[in-house]
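Numbering (numbering that gives the first Met the number 0), first residue to last: 0 to 211.
The beta-carbon is built from N, C-alpha and C at its ideal position, and this holds for glycine as well.
As the structure is a computational prediction, the values presented were derived from the model and not from experiment.
Report on the structure given below.
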Amino acid sequence: MRVLESFAPRIEVYSIDESWLDFSGVQGDLEALGREIQLAVKKQVGIGVGVGFGPTKTLAKAANFSAKKWRKETGGGVVLMDEIRRDKLLQWMPVDEIWGIGRQLSKRLELMGVKKAIDLQRYDRKSLRKLFNVNVEKTSMELKGVYCYALSEGAEPKQTIASTRSFGERITELQGLREAVTTYTSRACAKLRSEAQLSSCLQVFTPACAGA
0 MRVLESFAPR IEVYSIDESW LDFSGVQGDL EALGREIQLA VKKQVGIGVG
50 VGFGPTKTLA KAANFSAKKW RKETGGGVVL MDEIRRDKLL QWMPVDEIWG
100 IGRQLSKRLE LMGVKKAIDL QRYDRKSLRK LFNVNVEKTS MELKGVYCYA
150 LSEGAEPKQT IASTRSFGER ITELQGLREA VTTYTSRACA KLRSEAQLSS
200 CLQVFTPACA GA
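Dropping the structure here:
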């Protein structure tokens, strides 16, 4: 993320491999800026990245989705700052690909005739809030280019990450216990990586049944 920090004064780390950068007030060719970011990441980190620009978080994610899907045509970079280009993508983009919607919520929306991102953008705001919640309404507004979700720079990292489960049946063999511990440890490590954190201590506990 240090590479990205050199391009923007404000940055929100969204996941281990994704961040939001604030380019408010930046003048100039955003497509050229996107290529510059890609080259810097490739040179210093050794991986290719997609870059999406938009006036809101939701549209920036839509731009990034487009950049990745048509990488050959876009070069991995898409700018959605004008309404014509924005709506052209939203007319094609499936509703379940919208940031914050997801598969389950998209099923409900599709039953209402909301199958594409443009349908959600044009849906009545009050109806969305009544049928769903304020977040779906905000997503619809963001698809219009109305800024609703602010950059979050000060989120406190978790001090503890756990992966615990009760076994469905009694485990009496060491191999079975070893496999279970390995599985849950892997899940905890995945959570740690997704938040771009490091660990200084690992604790494993296995409660035993009375008389075992």
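CB-CB under 8 Å to residue i, same chain, minus the five flanking residues each way: which ones, in chain order?
i, result
"A39", "V2, S5 and F6"
"Y13", "W19"
"M80", "L29, F52, G53 and P54"
"R84", "V78"
Using the three-state DSSP reduction, which class does residue i fall into: helix, strand or coil?
i, result
"F22", "coil"
"F131", "coil"
"E155", "Residue placement at E155 cannot be trusted, given a pLDDT of 49 that sits under 50; the coordinates are not used to answer."
"G51", "strand"
"E136", "helix"
"E11", "strand"
"K87", "helix"
"G175", "helix"
"K67", "helix"
"K114", "coil"
Under DSSP, the alpha helix (DSSP H) around residue i begins and ends at which residues?
i, result
"G221", "What the structure shows of the chain is the stretch from 0 to 211, and residue 221 is not part of that stretch, so it cannot be assessed."
"V2", "R1 to E4"
"D81", "Looking at the DSSP string, D81 is not in any alpha helix (DSSP H), and its letter there is neither H nor E."
Would you give the residue range spanned by the beta strand (DSSP E) that residue i belongs to?
i, result
"E35", "E35 -> not in any beta strand (DSSP E); alpha helix (DSSP H) instead, spanning L29 to Q43."
The ligand MG heavy atoms versus the CB of residue i: any closer than 7 Å?
i, result
"E4", "Absent from the structure shown: the ligand MG. Ligands present: none."
Enumerate in chain order the residues of its own chain whose CB-to-CB distance from residue i is below 6 Å, with the five nearest sequence positions on each side excluded.
i, result
"T205", "none"
Here's a check: name, in chain order, each residue in its chain whose Cβ is nearer than 7 Å to the Cβ of residue i, leaving out the five neighbours to either side.
i, result
"I117", "D86, L89 and Q90"
"S139", "L119, Q120, Y122, R124 and L127"
"Y146", "P54 and T55"
*Count the C-beta pairs between the segment 96–104 and the segment 133–144 that are closer than 8 Å, then say yes if the count reaches three, no if not.*
yes
*asked:* Taking 8 Å as the cut-off, does the segment 65–78 touch the segment 23–37 (at least 3 CB pairs, one atom from each stretch)?
replied: Yes: the two stretches touch, three or more of their Cβ pairs being nearer than 8 Å.
_Contact the segment 111–124 vs the segment 39–50: 3+ CB pairs below 8 Å_ = no
*asked:* Would the segment 52–67 count as touching the segment 10–30 if we require 3 or more Cβ pairs under 8 Å?
replied: Counting C-beta pairs with one atom in each stretch, the segment 52–67 and the segment 10–30 have three or more that are closer than 8 Å, which means they touch.
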